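Residue numbers (my numbering): 3 to 356.
Report on one structure; see the data block that follows.
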Amino acid sequence: MRVKAGDGNLRQLPSNQTVTVATRMCWLVISACVSVTGKSLGIIPFSYLRDLTSMTTPQQIGNNGQIPANWTQKDIQNSGLPRYAADDLDGIVSELSNGAGFTLVQGLAPTPEVISDVEECGIRLQKFGQDLGRLLPQNSEQEQLVEISDFSDEDEFDDRGYRSPGELTPHTDPPPIIALLCLRPAHSGGANRLVSAGSIRDAIRDEDPTLVPVLEAGFPYFMPDEKKQGDGHIGDVIPTLLDGPGGISCVYYRPFIERAAEFSGIPLPARSVAALDMFDRFANDAELQVQYTLEPGELLILNNYRVLHARDDYVDWPEKHKRRSLLRLWLDADWMPEPPPAHAGRRNPMADLL
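What follows is the structure, given as structure tokens:
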């Protein structure tokens, strides 16, 4: 970043990661204006200063290739969470493709004024998504932007758990990429938990390699009806873990596996239950997981082939305008590898409903 000092000359703002907040504050206080992507913003408000300094603390911008694809909590602790500025698309793509498979992004909604404007945040997020890839519909209404919040006091029923405050166990969403922009955290709880699918498979291979083929064979999934409670049908058999051109590809949501078995009246075989139980045990293993609570304005992006996500239950504010709120995108992109044929449907997961 470059600043215009009182003498009218442009000067480079220190970008070394070891620069202290106090030093950076001094540079900004003496600045008459700041240029960000060529646009003068005048004196930077403290809220934006806080955002900038949080983006440049040690071990926060990028990971410099330090995080392996099959990472564990220790790997993340050693390298720091991967973070990128919103305009660093090359870094974000590299991290999602060849790095940790997830990243935090800052700067998309840099001030409290922007964060409080839901419509503006939605516009910014969709524009960012279009720059990163292609927006995908997320439901039968073809909505490309969805709010993640507690609607349990409004919905007649809940077949999609993101609309209630309960815990969401480790799972993947249908598309190749998901993006979650935090507008407001919960009163308490609601932490996001991430785990590498490759690390789960490694742990299963170490303990009982005979269960890996069971997961590779897969399970029938229940496909719920979005309009009628309890209705739906049994879909295709979907492998949980496969290898494809881009490495591992994981599809997993145990509640729909179990509902398919209940719907068919045929219990899951004992070996299937054992494989699912072991998968869940390692997916919830604190030594494999990383936990993080998103702050307002932070964006979390996941490579959904490689990283499972979960959410702790939470207690929300009674006032609706204070409730936990995130905006979500489902994305595909040309730079994402082709999934294995058995997972090809995730390139447009709502196609059968449109």
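For every residue, glycine included, the Cβ atom is placed at its ideal position computed from N, Cα and C.
This one's a predicted model, so the numbers in the text were calculated from it and none came from an experiment.
Nearest to Q75 by C-alpha distance, out of P351, D315, N286 and E260, is N286. Two segments are said to touch when three or more pairs of C-beta atoms, one from each, lie closer than 8 angstroms; by this definition the stretch 201-211 does not touch the stretch 322-337.
Inter-residue distance for G220 and L296 is about 33 angstroms (C-alpha atoms, whole angstroms). 8 angstroms or more divides the Cβ of I150 from the Cβ of I303. 8 angstroms or more divides the Cβ of D314 from the Cβ of H189. In the DSSP secondary-structure assignment, I250 is bridged to D245. Beta-bridge analysis with DSSP links H173 to H311. Looking at the backbone, the Cα of R330 and that of P320 are separated by about 23 angstroms. If you ignore the 5 residues before and after L244, its C-beta comes within less than 7 angstroms of the C-beta of E218, S251, P342, A344 and H345, all in its own chain and listed in chain order. Annotation for A193: Q293, T295 and D314 place their beta carbon closer than 6 angstroms to its own, counting only its chain and skipping 5 residues before and after.
In this structure, Y316 is the residue among G93, I69, Y316 and E169 with its C-alpha nearest to the C-alpha of G191. Residue burial is scored here from C-beta neighbours: Q132 has fewer than 16 other C-beta atoms within 10 angstroms and is therefore classed as exposed. Counting along the chain, D152 sits inside no beta strand (DSSP E), nor does DSSP assign it H or E at all. Relative to Y223, the option among M280, V107 and I259 whose CA is nearest is I259. Look at the stretch 175-211 and you find these whole runs of beta strand (DSSP E), each 3 residues long or longer: 179-186 and 194-198. Excluding its 5 nearest sequence neighbours in each direction, A71 has C-beta neighbours in its own chain below 6 angstroms: G200, listed in chain order.
According to DSSP, residue pairing for T295 in a beta bridge does not occur. Buried is the label assigned to R195, since at least 16 other Cβ atoms lie within 10 Å of its Cβ. Around the beta carbon of G101, 16 or more other beta carbons lie within 10 angstroms, which makes this residue buried. For Q108, the enclosing beta strand (DSSP E) covers residues F104 to Q108. Per DSSP, the unbroken beta strand (DSSP E) holding A87 starts and ends at R85 to A87.
In the structure shown, N350 falls within a coil segment according to DSSP collapsed to helix, strand and coil.
Distances from the CA of G168 to each of F104, N350, A312 and I202 were compared; the closest alpha carbon is that of A312. Residue state for G234 is assigned as strand, using DSSP reduced to three classes. In the three-state reduction of the DSSP assignment, L270 falls in the coil class.
When DSSP reads this structure, I240 sits in a beta bridge with F221.
I236 has its alpha-carbon roughly 9 angstroms from the corresponding atom of P226.
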